[in-house]
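Engineer: Taken in order, these protein sequences are the chains called A and B.
Position in the first sequence (from 1) plus 51 gives the number in the working numbering.
Position in the second sequence (from 1) plus 51 gives the number in the working numbering.
Mind looking over this structure? Questions follow.
2 protein chains.
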Amino acid sequence: MLPRRHRDRNGRGKAAIRRTSSVKVNGVPFRSIFLDEDGWSVRIVDQTALPHEFLVSRLTDVAAAARAIMEMKVRGAPLIGATAAYGLALALRADPGDASLARARVLLDSTRPTAVNLRWALDRVSAQVSHLPESERASEAYRAAAAIADEDVERNRQIGEHGLGLIRDLASRKPGDAVEILTHCNAGWLATVDWGTATAPIYLAHDAGVSVHVWVDETRPRNQGASLTAWELAEHGVPHTVVVDNAGGHLMQRGQVDVCIVGTDRTTAAGHVANKVGTYLKALAARDNHIPFYVAAPSSSIDWGLTGWREIPIEERPGAEVARVRGRTDHGRIETVTVIPPGSQVANPAFDVTPAELVTGIITERGIATASREALARLFPEKATPRGTEGSA
Amino acid sequence: MLPRRHRDRNGRGKAAIRRTSSVKVNGVPFRSIFLDEDGWSVRIVDQTALPHEFLVSRLTDVAAAARAIMEMKVRGAPLIGATAAYGLALALRADPGDASLARARVLLDSTRPTAVNLRWALDRVSAQVSHLPESERASEAYRAAAAIADEDVERNRQIGEHGLGLIRDLASRKPGDAVEILTHCNAGWLATVDWGTATAPIYLAHDAGVSVHVWVDETRPRNQGASLTAWELAEHGVPHTVVVDNAGGHLMQRGQVDVCIVGTDRTTAAGHVANKVGTYLKALAARDNHIPFYVAAPSSSIDWGLTGWREIPIEERPGAEVARVRGRTDHGRIETVTVIPPGSQVANPAFDVTPAELVTGIITERGIATASREALARLFPEKATPRGTEGSA
């Protein structure tokens with residue numbers, strides 16, 4: 052089922068280092084994190100430089116890995132988890148002792164306290180190495196980190212396969228025309244190790260020859276849509292158009308969107324979806340215009356202990372993200388400019404919650420569920436908790 | 052009913068030139084357009100420099116007036132109308148002949164073909180002067196322009212009085228707390244001659260001692276909220292907070308908005324509201340959260356011949372407005388930066404339509420109407436056309 056270039060694209064010297072991969076940068080498959088040719092240091096795509104520069108940074112110690120997460124050179128819960136795992140491996144390579152392991156865990160754990168996958172990855176790698184003799188710990192940590200990365204890729208590919216079915220279905224209803232997909236923020240390969248979540252169905256459809264066109268929300272304040280999603284799609288050759296976050300409702304009113312697909316930062320067991328702020332507004336417009344609204348959610352992003360949406364804490368981020376915009380001047384300099392008056396306050400809630408009733412379906416690695424406790428529990432019976440814990444809706 | 056400083060604030064040398072006015076800049080009442088001390092040239096606030104610089108430009112001929120409209124140094128339909136009227140006066144002062152009048156009309160009419168008030172103002176001044184001897188034309192044109200400006204101010208003040216009633220009512224339900232008002236784009240005094248439309252109730256409430264706090268949508272792509280509305284409110288001392296366009300839904304979900312008040316570019320006779328793109332999304336969120344959604348609409352912005360909303364043409368503006376952002380660098384330079392990758396397309400629909408069923412009420416200079424043909428016709432019986440012309444909803 053995989054496109055041919057995914058199964059075998061090792062013709063170039065560095066392909067073995069980049070591993071087989073799906074999404075391309077300037078024609079070359081790339082992962083967002085991979086082992087360097089030296090076999091031990093770690094390469095990451097520096098996402099703070101995008102879309103203006105494509106920089107691949109090299110991490111040689113755990114401090115650099117922690118900094119990369121903290122400074123958002125890597126972001127997106129799955130990628131943060133993989134980076135933290137490699138960070139532990141770097142720490143154990145330098146010093147495999149218990150104290151070194153403990154220090155590295157504390158350091159990495161403090162980088163982004165809200166990312167679910169961060170603690171999970173640290174726990175997993177630690178559990179895999181702590182009982183081993185010191186001489187075996189580093190190599191086992193590298194194996195665990197690689198497994199975490201590979202599992203993420205496979206989970207996203209499966210989400211892609213399930214989503215591809217939806218897109219094929221929409222395509223069959225408008226032969227000759229592109230399926231018009233709207234997405235918000237970046238749930239792309241840059242937020243994961245490869246494929247992305249919301250973008251996985253899009254990349255698979257494009258690679259399978261199904262004509263798609265993506266409306267990319269700019270996603271203020273950090274502009275992850277315009278900076279990252281648009282860049283990813285452009286590099287891979289997927290037709291797309293950037294619009295401001297205000298435009299989606301108009302596009303839906305005028306029949307220019309066939310389906311919305313977004314990612315999620317946390318989904319409750321009842322199918323309520325916390326995602327980048329503004330997602331809720333698009334879901335409202337989708338319902339008002341009878342357009343299906345899907346959420347691509349690996350099971351790792353489902354919070355099985357939570358059902359009511361009002362309990363989801365919403366991170367308030369620095370106002371400077373709203374007040375200041377980074378871009379490239381006409382002279383090619385990267386510059387940050389302030390866009391609000393000095394006398395004005397700024398607020399910056401980073402997420403909102405789309406209630407389950409606005410969600411047509413949740414695309415997981417095991418298939419598509421309606422946004423309900425029952426449907427999600429059917430797909431993941433081993434994870435669902437008894438109904439008694441349900442909170443207020 | 053007017054605040055004291057509005058009735059008499061002529062203590063400063065230039066106050067007579069600025070006329071009595073309502074909204075203050077750095078403590079001084081200002082209109083967005085006014086006659087210079089010389090008694091003939093025209094002063095405008097250069098809105099392209101805001102919020103970074105407060106520049107008052109001087110227009111000395113009709114070409115400068117036309118350029119000011121074209122380059123959006125002045126914008127907002129009512130202000131465009133007043134500027135065009137003064138432009139004709141400047142033309143007639145230089146040459147009161149028929150050919151001069153005709154040339155000036157053509158020039159001004161070509162500046163912003165979609166602004167309703169532009170043609171109306173040109174027609175009105177022309178009709179008032181064309182039958183006069185040449186020696187009287189210029190002074191009559193100045194009188195007509197001043198009347199157009201004064202009438203705009205009075206209409207907006209009336210809208211403000213009606214809206215103030217709404218705000219007082221909300222305030223009475225939460226004694227001690229500020230009334231939380233969300234607005235989109237700039238329907239402020241900068242879009243009119245004074246008071247603004249959506250902001251008129253806010254300024255009157257603030258001046259009357261009713262505690263208000265305004266959530267100001269940034270309003271991408273041109274950032275009129277962050278650049279103009281926030282600046283206006285800051286100068287006048289009204290508490291406010293700038294948020295990205297994505298945040299309004301979240302604020303409403305969390306009970307942080309009591310009422311939405313927006314302006315309109317064109318409202319149909321049935322109460323459908325075309326306004327800055329993104330307005331529709333906020334109206335959907337307001338309905339979903341049972342928050343009243345009001346539109347401040349002077350009768351001049353109601354298109355009595357149009358009822359169905361799908362007929363309203365939506366202007367597609369240059370993609371550069373999305374791709375490029377203007378602001379101030381940390382070194383104080385005004386700089387424009389590009390925020391999208393070079394390989395990406397951009398679309399920029401400038402308006403959307405909020406269907407009447409999402410609108411709680413339309414605040415006009417004659418009172419508040421529900422968003423329906425019947426209610427609007429009751430307020431403006433002389434303007435409403437027979438029901439037979441109603442289009443598709």
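Yeah, the Cβ is synthetic: ideal placement off N, Cα and C, and Gly gets one too.
Predicted model only: the values in this text are computed from it and were never measured.
Under a CB-based cut-off of 8 Å, is B/Gln396 close to chain A?
Structural biologist: Yes - at least one Cβ of chain A is within 8 Å of the one on B/Gln396.
Engineer: Anything in chain B within Cβ reach of A/His341, meaning under 8 Å, just list it in chain order.
Structural biologist: In chain order: nothing, as chain B lies at least about 14 Å away.
Engineer: Mapping the DSSP letters down to three states, classify B/Ala420 as helix, strand or coil.
Structural biologist: Three-state DSSP puts B/Ala420 in a strand.
Engineer: Could you say which of A/Val310, A/Val308, A/Gly314 and A/Val263 lies nearest to A/Gly276 if we only look at CA atoms?
Structural biologist: Of the listed residues, the one whose Cα sits closest to A/Gly276 is A/Gly314.
Engineer: Grouping DSSP H, G and I as helix and E and B as strand, with all else coil, what is A/Lys124?
Structural biologist: Coil, per DSSP.
Engineer: Between the Cα of A/Ala249 and those of A/Ser262, A/Leu215, A/Val328 and A/Glu185, spot the shortest distance and give me the residue it belongs to.
Structural biologist: Comparing Cα-Cα distances from A/Ala249 to each of A/Ser262, A/Leu215, A/Val328 and A/Glu185, the minimum goes to A/Leu215.
Engineer: CB-CB under 8 Å to A/Arg175, same chain, minus the five flanking residues each way: which ones, in chain order?
Structural biologist: So the qualifying residues of the chain are Ala136, Ala195 and Ile199.
Engineer: Within a Cβ cutoff of 6 Å, which residues of the same chain sit near A/Ala374, ignoring the five residues on either side of it in sequence?
Structural biologist: So the list reads Thr389, Ile391 and Val397, once near-sequence residues are dropped.
Engineer: Ends of the beta strand (DSSP E) at B/Gly378?
Structural biologist: It spans Arg375 to Arg379 - the beta strand (DSSP E) in which B/Gly378 sits, taken as one unbroken run.
Engineer: With three or more C-beta pairs closer than 8 Å as the rule, is the region 306-326 of chain B touching the region 178-195 of chain B?
Structural biologist: Judged by Cβ distances under 8 Å, the region 178-195 of chain B makes no contact with the region 306-326 of chain B, as fewer than three pairs qualify.
Engineer: Given that B/Glu386 touches chain A, what residues does it touch there, using C-beta distances under 7 Å?
Structural biologist: Correct list: Thr380, Glu386 and Val388.
Engineer: Count the other CB atoms, across all protein chains shown, that sit within 10 Å of the CB of B/Asn77; report buried if there are 16 or more and exposed otherwise.
Structural biologist: Looking at its Cβ environment, which holds fewer than 16 other Cβ atoms inside 10 Å, B/Asn77 is exposed.
Engineer: I'd like to confirm the pairing. Which residues does DSSP put opposite B/Phe393 in its beta bridges?
Structural biologist: The sequence shown places Pro at residue 393 of chain B, not Phe. None, per the DSSP bridge assignment.
Engineer: Starting from A/Leu279, follow the alpha helix (DSSP H) in both directions and report where the run begins and ends.
Structural biologist: No alpha helix (DSSP H) contains A/Leu279, which DSSP labels as neither H nor E.
Engineer: Considering only DSSP beta bridges, list what B/Arg94 is partnered with.
Structural biologist: Its beta-bridge partners are B/Phe85 and B/Arg109.
Engineer: Which chain A residues are close to B/Gly329, counting only those with a beta carbon under 8 Å from its beta carbon?
Structural biologist: Under the 8 Å cutoff, chain A gives Val295, Asp296, Asn297, Ala298 and Gly300.
Engineer: May I ask you to report which of helix, strand or coil DSSP gives A/Thr436?
Structural biologist: Coil at A/Thr436, not helix or strand.
Engineer: Take B/Leu357 and list the residues in its own chain whose beta-carbon comes closer than 6 Å to its own, dropping the five residues that flank it on each side.
Structural biologist: The answer, listed in chain order, is Thr319.
Engineer: Tell whether a beta-carbon distance below 8 Å holds between A/Val267 and A/Ile218.
Structural biologist: Not in contact: A/Val267 and A/Ile218 (Cβ atoms no closer than 8 Å).
Engineer: Strictly below 8 Å CB to CB, what residues from chain A border B/Trp91?
Structural biologist: Within 8 Å Cβ-Cβ: nothing; B/Trp91 doesn't reach chain A, min ~33 Å.
Engineer: Using Cβ-Cβ distances below 9 Å, what residues of the region 348-359 of chain B are close to chain A?
Structural biologist: Answer set for the region 348-359 of chain B: empty.
Engineer: Would you mind reading off the limits of the alpha helix (DSSP H) that contains A/Thr174?
Structural biologist: First, the residue type needs correcting, since residue 174 of chain A is Asp and not Thr in the sequence shown. Residues Val167 to Val180.
Engineer: From the DSSP secondary-structure annotation, give me the bridge partner or partners of B/Pro400.
Structural biologist: Answer is B/Glu367, bridged to B/Pro400.
Engineer: Expressed to the nearest angstrom, what Euclidean distance is found between the alpha-carbon atoms of B/Gly64 and B/Ile84?
Structural biologist: Its pLDDT being 31, under 50, B/Gly64 is placed unreliably in this model, and the coordinates cannot settle the point.
Engineer: Check the Cβ-Cβ distances between B/Ala426 and every residue of chain A, and say whether any is below 8 Å.
Structural biologist: Chain A contact via Cβ: absent.
Engineer: Starting from B/Asp268, trace the alpha helix (DSSP H) in both directions and tell me its first and last residue.
Structural biologist: Unbroken run through B/Asp268 is the beta strand (DSSP E), Val263 to Asp268; no alpha helix (DSSP H).
Engineer: Give me the residue from B/Phe402, B/Arg424, B/Ala428 and B/Glu202 with the minimum Cα distance to B/Cys22.
Structural biologist: Missing from the structure shown is residue 22 of chain B; chain B here goes from 52 to 444 and no further.
Engineer: Over what stretch of residues does the beta strand (DSSP E) that includes B/Arg317 continue unbroken?
Structural biologist: Counting along the chain, the beta strand (DSSP E) containing B/Arg317 begins and ends at Arg317 to Thr319.
Engineer: By the 10 Å Cβ neighbour count, where 16 or more other Cβ atoms means buried, how is B/Ala256 classified, buried or exposed?
Structural biologist: Flag for B/Ala256 reads buried.
Engineer: Interface residues of chain A around B/Ser346 at Cβ under 9 Å?
Structural biologist: Per the sequence shown, the amino acid found at residue 346 of chain B is Val instead of Ser. Near B/Val346 there are no residues of chain A at all, since even the closest Cβ is about 16 Å away, more than 9 Å.
Engineer: With 8 Å as the threshold, decide whether the Cβ of A/Ala281 is near any Cβ in chain B.
Structural biologist: True, the Cβ-Cβ gap to chain B drops below 8 Å.
Engineer: Using a 10 Å radius around the Cβ and a threshold of 16 neighbouring Cβ atoms, would you call A/Glu88 buried or exposed?
Structural biologist: Under this definition A/Glu88 is an exposed residue.
Engineer: Looking at the structure shown, is A/His291 part of a helix, part of a strand, or coil, going by DSSP?
Structural biologist: In this structure, A/His291 counts as strand in the three-state DSSP scheme.
Engineer: For the region 298-346 of chain B, which segments carrying the alpha helix (DSSP H) assignment without a break, of at least 4 residues, lie completely within its bounds, in sequence order?
Structural biologist: DSSP runs (the alpha helix (DSSP H)) wholly in the region 298-346 of chain B: 299-304 and 330-339.
Engineer: Residues of the region 239-273 of chain A in Cβ contact with chain B at a cutoff of 9 Å, in chain order, please.
Structural biologist: From the region 239-273 of chain A, only Trp266, Val267, Asp268, Glu269, Thr270, Arg271 and Pro272 have a Cβ closer than 9 Å to chain B.
Engineer: Exposed or buried, which one is A/Arg424 when buried takes at least 16 other CB atoms within 10 Å?
Structural biologist: By the 10 Å Cβ count, A/Arg424 comes out buried.
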